[in-house]
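> What follows is a structure written as structure tokens; I'll ask about it next.
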Amino acid sequence: MIKSILVPVRGDGMVATVLGHAAELAKKHNATVDVVHCRAQAHDLMPPGLSLNDFARKVMMEQAAELANRQEDHLRGILRRLSRDFGLTDKPISGGFAACTFSEKEGRMADVVKQAGRLADLIVLPKPQRERNLGQSSLKSALYGAGRPVLVCPGQLLPDETFAEHVAIGWNGSLPASRAVASSLDIVRYAKRVSIVTDGKLQPHGPTVEELINYYATRGINAEVVKFSGQEPSKALLATSKDIKASLLVIGAYSHSHETEMLFGGNTGRIVDNTEMPILMAH
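For the sequence shown, the tail end lands on 458 under the numbering used here, and the numbers increase by one without skipping.
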């Protein structure tokens, strides 16, 4: 049951994207969207390597704190407007309305995600920007530190009426894939179409596609099977999901360790880097 959706935000231009996707799910599940602004600490805004006397340092720290306050006030105003635009209320849930709360925590976004995410049903994050080295640690923290399912939202994409109506399930029989299936069950129940997308190569001793079909069937969900092939499974999975017009992809994340996949280049990393659709991931 999805009742608490965590949306950690910062000034990276992705607020509308993540809040928009969180709002669509919140309205379907009468959930609360908990927006947490990751406030930069004053000393992190100081110019690095600059030698200052005590008075000058005090003045600059005060200016940095004032800048952080202005950034928070500006972001809070943006979030209020967006939450109204996306159909959320700032009051507790009543009468079937989904609510949006706003709070602020100091520190690194990865640490905030780990602390606030462990009691969330879902964490919504923007797609990591590898070229700016932004977002990888937050995604790792959500999957490993908080241990919660994560919805990754790409680019400046805003959800429309098709979001999560056709869900593609990337299936290889792995433990992360089975956790992704379990974590997305409430979302899949609302879908109009569910496709199990597989290349037929299952992990040893993993459940088969037929067993996954039966798993869904006992829960009142009809799922079809879509086969794909290709030398690069990540690219073929994304292409097939796009071809069948899926609007959400569910996958297991990092069957190997995150460090191993980052070092040698794993399927999960390539899928996240190249996706143009939202991805729900679980480890």
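Backbone N, C-alpha and C fix where the C-beta goes; we use that ideal spot for every residue, glycine too. Note that the structure is predicted; figures quoted are calculated from it, not measured.
Using DSSP with H/G/I as helix, E/B as strand and the rest coil, what is G320?
Three-state DSSP puts G320 in a helix.
> Would you mind reading off the limits of the beta strand (DSSP E) that contains R368?
Where R368 is concerned, the enclosing beta strand (DSSP E) stretches over 368-373.
> Sort out for me which residues DSSP pairs S278 with in a bridge.
In DSSP, S278 forms a bridge with V211.
> Determine whether the Cβ of G186 lies closer than 7 angstroms to any Cβ atom of chain B.
In the displayed structure, chain B is absent; only one protein chain is listed.
> Short check: CB of A355 to CB of G427, under 7 angstroms?
Yes, Cβ-Cβ distance for A355 and G427 is below 7 angstroms.
> By Cβ distance, which residues of its chain are closer than 7 angstroms to T415, with the 5 residues on each side in sequence left out?
The answer, listed in chain order, is V372, V401, F403.
> Identify the continuous alpha helix (DSSP H) that holds P351 and give its terminal residues.
350-358 is the span of the alpha helix (DSSP H), which, as asked, contains P351.
> Distance, Cα to Cα, G330 vs G441?
Looking at the two C-alpha atoms, the distance is approximately 21 angstroms.
> At the level of alpha carbons, what is the spacing between P183 and L200?
Whole-angstrom Cα-Cα distance: 16 angstroms.
> Across which residues does DSSP place G427 in a beta bridge pair?
Answer is A457.
> What is the rounded straight-line gap between the Cα of P379 and the Cα of K367?
Straight-line Cα distance between these residues: approximately 31 angstroms.
> According to DSSP, simplified to helix, strand and coil, what is H249?
In this structure, H249 counts as helix in the three-state DSSP scheme.
> Please tell me whether V287 and M456 are closer than 7 angstroms, where the distance is taken between their beta carbons.
Result no, Cβ atoms of V287 and M456 do not sit closer than 7 angstroms.
> When you compare the segment 359-366 with the segment 447-454, are there three or more beta-carbon pairs, one atom per stretch, that lie closer than 8 angstroms?
At 8 angstroms Cβ cutoff, the stretches do not touch.
> Just to confirm, are K289 and S316 a CB contact at a threshold of 7 angstroms?
Closer than 7 angstroms, so yes.
> Bridge partners for G345 per DSSP, in chain order?
According to DSSP, which records beta bridges pairwise, G345 is partnered with V372.
> By a C-beta neighbour count over all protein chains shown, 10 Å radius and 16 as the cutoff for buried, is T383 buried or exposed?
Counting Cβ neighbours within 10 Å, T383 comes out exposed, since fewer than 16 surround it.
> Which residue wins for smallest C-alpha separation from G310, given the options G186, S179, M176, G322?
When each option's Cα is compared against that of G310, the closest is G186.
> Taking S349 as the reference, which of G322, G375, T450 has the closest Cα?
Taking only the C-alpha atoms, the option nearest S349 is G375.
> Ends of the alpha helix (DSSP H) at S179?
Taken as a continuous stretch (DSSP letters only), S179 belongs to no alpha helix (DSSP H), being part of the beta strand (DSSP E) at 179-184.
> Determine the DSSP secondary structure at T337, reduced to helix, strand or coil.
Three-state DSSP puts T337 in coil, outside helix and strand.
> In chain order, what residues of the same chain lie with their CB nearer than 8 angstroms to the CB of Y391, ignoring the 5 residues before and after it?
Correct list, in chain order: V363, V369, N397, A398.
> Starting from P301, trace the beta strand (DSSP E) both ways and give me its first and last residue.
Segment 297-301, the beta strand (DSSP E) holding P301.
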